[in-house]
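Below is one structure, written out as structure tokens; the observations come after it.
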Amino acid sequence: AAPLLEVRDLRVTFTTPRGPVRAVDSLGFTVEAGRTLGIVGESGSGKSVTSLAVMGLHRGAEVGGSIALAGQELTGMSEKELSRLRGRKMAMIFQDPLSSLHPYYTVGEQIAEHFRVHFKAGRAAARKRAVDMLGEVGIPEPARRAGEYPHQFSGGMRQRAMIAMALACEPDLLIADEPTTALDVTVQAQILELIARLQQERGLGVVMITHDLGVVARVAHEVLVMYGGRAAEQAGVDELFAGPAHPYTRGLLDSLPRLDDADDEPLRAIPGSPPSLLTPAPGCAFAPRCGLAAAATPQQRGRCAGERPELLPQGGGPRAAACHLAGAGGSAATAESVPTP
Ligand code: SF4
Ligand code: MG
Numbered sequence: 005a006a007p008l009l010e011v012r013d014l015r016v017t018f019t020t021p022r023g024p025v026r027a028v029d030s031l032g033f034t035v036e037a038g039r040t041l042g043i044v045g046e047s048g049s050g051k052s053v054t055s056l057a058v059m060g061l062h063r064g065a066e067v068g069g070s071i072a073l074a075g076q077e078l079t080g081m082s083e084k085e086l087s088r089l090r091g092r093k094m095a096m097i098f099q100d101p102l103s104s105l106h107p108y109y110t111v112g113e114q115i116a117e118h119f120r121v122h123f124k125a126g127r128a129a130a131r132k133r134a135v136d137m138l139g140e141v142g143i144p145e146p147a148r149r150a151g152e153y154p155h156q157f158s159g160g161m162r163q164r165a166m167i168a169m170a171l172a173c174e175p176d177l178l179i180a181d182e183p184t185t186a187l188d189v190t191v192q193a194q195i196l197e198l199i200a201r202l203q204q205e206r207g208l209g210v211v212m213i214t215h216d217l218g219v220v221a222r223v224a225h226e227v228l229v230m231y232g233g234r235a236a237e238q239a240g241v242d243e244l245f246a247g248p249a250h251p252y253t254r255g256l257l258d259s260l261p262r263l264d265d266a267d268d269e270p271l272r273a274i275p276g277s278p279p280s281l282l283t284p285a286p287g288c289a290f291a292p293r294c295g296l297a298a299a300a301t302p303q304q305r306g307r308c309a310g311e312r313p314e315l316l317p318q319g320g321g322p323r324a325a326a327c328h329l330a331g332a333g334g335s336a337a338t339a340e341s342v343p344t345p
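Okay, so the sequence shown: first residue is 5 according to the UniProt record's numbering, each after it adds one.
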């Protein structure tokens with residue numbers, strides 16, 4: 005059978021006054037039912053644009069390549085067809101539920117309306133569905149809370165309500181774009197647990213978009229690391245954490261806070277800024293920030309600067325990386341051992 009979601013050679017291009025911007029390029033991935041793909045990257049890496057393109061919400065951008073949901077091609081679909089699929093087949097939750105919830109309608113009314121539109125249900129059935137869903141996502145006294153307005157909910161409860169709305173129509177695919185970023189650590193953990201539980205119960209395919217590898221470690225089965233609109237590395241979550249093949253992934257891992265860190269060593273963020281998408285470099289987008297390239301021979305450095313690395317399979321389990329030096333002398337984890345000139 006076809007995978008739940010299969011994206012091939014995705015290209016998303018925005019027209020700007022300063023020229024075209026290729027926000028996503030040559031991207032491919034699959035999501036199976038009952039599995040979570042974590043898409044990780046800094047802001048501007050193309051991860052949100054990717055999810056909006058899948059949902060058909062990429063306003064004004066040109067989309068190339070293929071996006072297939074259960075074998076059905078979504079690119080080129082009319083807005084009418086897409087809006088039918090949104091809700092029924094795929095749903096999305098965002099960092100800020102307030103931006104998706106209407107301030108003047110009660111939370112229950114909004115979930116009921118969403119359900120009514122997609123299922124052509126009667127008002128009473130839709131109201132019941134809203135209360136049931138609020139209960140299912142762990143909101144206490146759901147019948148009473150359904151009559152409250154979004155501003156009466158805490159941040160965590162609002163995100164639960166958004167999840168209730170997203171799942172009210174039983175989609176097969178849930179895309180979550182930084183759903184816990186605005187929440188404090190305890191609530192964040194609860195929401196991630198909730199998503200994982202609902203995924204198991206419903207056999208959902210989940211795409212979890214995040215800048216935080218800690219979130220990926222908790223929920224993802226597969227991981228796609230994006231940099232400058234492209235895949236830097238794709239791997240099973242165990243393979244990725246056991247030893248990243250791409251220097252950028254290594255940098256993300258090094259900047260994770262560690263529980264076993266006894267010393268007061270400050271977090272190591274990756275120095276430098278994301279690449280310009282308006283004037284992309286001919287070589288590897290990560291080259292200006294890459295410690296591995298900096299420690300390499302002038303010849304290797306020249307290749308990094310001049311030739312774009314392809315995403316190639318790497319040894320050690322399901323894994324591919326786009327790095328000229330990823331295969332040479334082991335993974336990027338052994339950057340120190342790369343001979344210097
Ligand atoms: Fe670094 Fe070169 Fe690999 Fe790019 S191709 S990540 S610059 S070593
Ligand atoms: Mg984003």
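A virtual CB, placed ideally from N, CA and C, is assigned to each residue, including glycine.
Note that the structure is predicted; figures quoted are calculated from it, not measured.
Comparing the CB of E234 with every heavy atom of the ligand SF4, is any distance shorter than 8 Å? The amino acid occupying residue 234 in the given sequence is Arg; Glu does not appear at that position. Every heavy atom of the ligand SF4 is 8 Å or more from the Cβ of R234, so no.
What's the call for V189, buried or exposed, on a 16-neighbour Cβ count within 10 Å? exposed
How long is the line joining the alpha carbons of V342 and L260, rounded to whole angstroms? Here V342 scores only 39 on pLDDT, less than 50, and its place in the model should not be relied on; the value that follows carries that caveat. Answer to the nearest angstrom: the Cα atoms are 24 Å apart.
Burial state of S280, where buried means 16 or more other Cβ atoms lie within 10 Å: exposed
Local conformation of T79 per DSSP, three classes: coil
Is R323 a contact residue of the ligand SF4, with contact defined as CB to any heavy atom under 8 Å? no
In the structure shown, what three-state DSSP assignment does S55 receive? helix
Closer than 7 Å by C-beta to G334: which residues in its own chain qualify, once you throw out the five before and the five after it? Chain order, please. Its pLDDT being 42, under 50, G334 is placed unreliably in this model, and the value from its coordinates should be taken loosely. Once the five neighbours on either side are set aside, G334 has no close Cβ partner at all.
Could you check the C-alpha separation between A46 and T253 for me, to the nearest Å? Rather than Ala, the amino acid found at residue 46 in this sequence is Glu. Rounded to whole angstroms, E46 to T253 spans 11 Å at the Cα level.
Just tell me which of R312, S277, V229 and A299 has its CA closest to the CA of R323. V229
Does the ligand SF4 have a heavy atom nearer than 8 Å to the CB of P313? yes
Beta carbon of E77 nearer than 9 Å to that of S70: yes
Assuming contact is defined by CB atoms lying nearer than 9 Å, are H225 and G240 in contact in what I supplied? yes
Between the region 174 to 181 and the region 48 to 58, can you find at least three pairs of beta-carbon atoms closer than 8 Å? yes
Neighbourhood of E66 by C-beta, 6 Å cutoff - its chain only, sequence neighbours within 5 removed: T17
Tell me whether G287 counts as near the ligand SF4, meaning its Cβ is closer than 8 Å to at least one heavy atom of that ligand. yes
Could you tell me the distance, in whole angstroms, from the CA atom of R15 to the CA atom of G310? 22 Å
Which residues in the same chain have their Cβ closer than 7 Å to the Cβ of A147, if we skip the five residues on either side of it in sequence? V135
In the DSSP assignment, the alpha helix (DSSP H) including I195 goes from what residue to what residue? V189 to R206
What residues match up with T40 in a beta bridge as DSSP calls it? V210
Taking the C-alpha atoms as reference points, what is the distance between S158 and C288? 43 Å
Does the distance from the C-beta atom of G23 to that of L282 stay below 9 Å? yes
Can you tell me which of the three DSSP states R293 falls into? helix
Taking Cβ positions, are A246 and R222 nearer each other than 9 Å? no
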